[in-house]
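Colleague: Quick note on numbering: the sequence shown equals residues 3 to 118 in this note's numbering.
One structure coming up, written as structure tokens, with questions to follow.
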Amino acid sequence: MSADAAASSEWELLDDCRLPSDLLDDHGIPKVRWERSSTGGRLSWWPTRARRKVALFRTITDDGVTVLQDIYEIRTTQRGEPRSERVDDPQLDEVPDPLLRLVEADGLTVATEGHR
Numbered sequence: 003m004s005a006d007a008a009a010s011s012e013w014e015l016l017d018d019c020r021l022p023s024d025l026l027d028d029h030g031i032p033k034v035r036w037e038r039s040s041t042g043g044r045l046s047w048w049p050t051r052a053r054r055k056v057a058l059f060r061t062i063t064d065d066g067v068t069v070l071q072d073i074y075e076i077r078t079t080q081r082g083e084p085r086s087e088r089v090d091d092p093q094l095d096e097v098p099d100p101l102l103r104l105v106e107a108d109g110l111t112v113a114t115e116g117h118r
């Protein structure tokens with residue numbers, strides 16, 4: 003899949019998920035990015051201008067069941083430098099529901115319990 007096709011596909015998924023206004027910028031553009039790989043995916047969102055969260059998912063079955071593996075929080079310092087921290091004991095409820103629907107719209111099933 004070309005980069006243009008992947009970007010187009012991502013926008014279609016975002017449109018289908020009907021993101022709430024707190025996940026859109028002042029121009030209505032999503033503050034969200036979903037990147038799928040053969041082993042899972044990376045979901046990024048910007049709760050505030052200087053803070054970004056990244057949830058890493060790992061696919062654990064051939065039929066697309068995926069689990070939350072890690073969450074990182076990246077903050078921009080006053081000097082403009084990014085500082086990353088891994089969230090201890092990441093929980094699925096830390097990822098906004100509309101973003102989980104984005105992952106599921108891409109054909110994956112997010113496991114909620116009993117997998118790690």
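Just so it is clear, CB atoms sit at the ideal spot from N, CA and C, and this is done for glycine as well.
This one's a predicted model, so the numbers in the text were calculated from it and none came from an experiment.
According to DSSP, is T103 helix, strand or coil?
Modeller: The question names Thr, but residue 103 in the sequence shown is Arg. It is helical.
Colleague: Are the beta-carbon atoms belonging to V56 and I76 less than 9 Å from one another?
Modeller: Against a cut-off of 9 Å, the Cβ pair of I76 and V56 comes out as a contact.
Colleague: For L58 and T78, I'd like the C-alpha separation in whole angstroms.
Modeller: Cα to Cα, L58 sits roughly 20 Å from T78.
Colleague: For A113, tell me which candidate among T61, S86, P100, P84 has the shortest Cα-Cα distance.
Modeller: T61
Colleague: Look at the alpha carbon of R118 and the alpha carbon of G42, and state the distance between them as a whole number of angstroms.
Modeller: Confidence at R118 is low in this model, with a pLDDT of 49, below 50, so the placement of that residue is unreliable and no value is reported for it.
Colleague: So, helix, strand or coil for L45, using DSSP?
Modeller: strand
Colleague: With a CB to CB cut of under 8 Å and the five nearest residues on each side skipped, what residues in its chain are close to L94?
Modeller: L70, L102, V112, T114
Colleague: Would DSSP call D91 helix, strand or coil?
Modeller: In the three-state DSSP reduction, D91 falls in the coil class, being neither helix nor strand.
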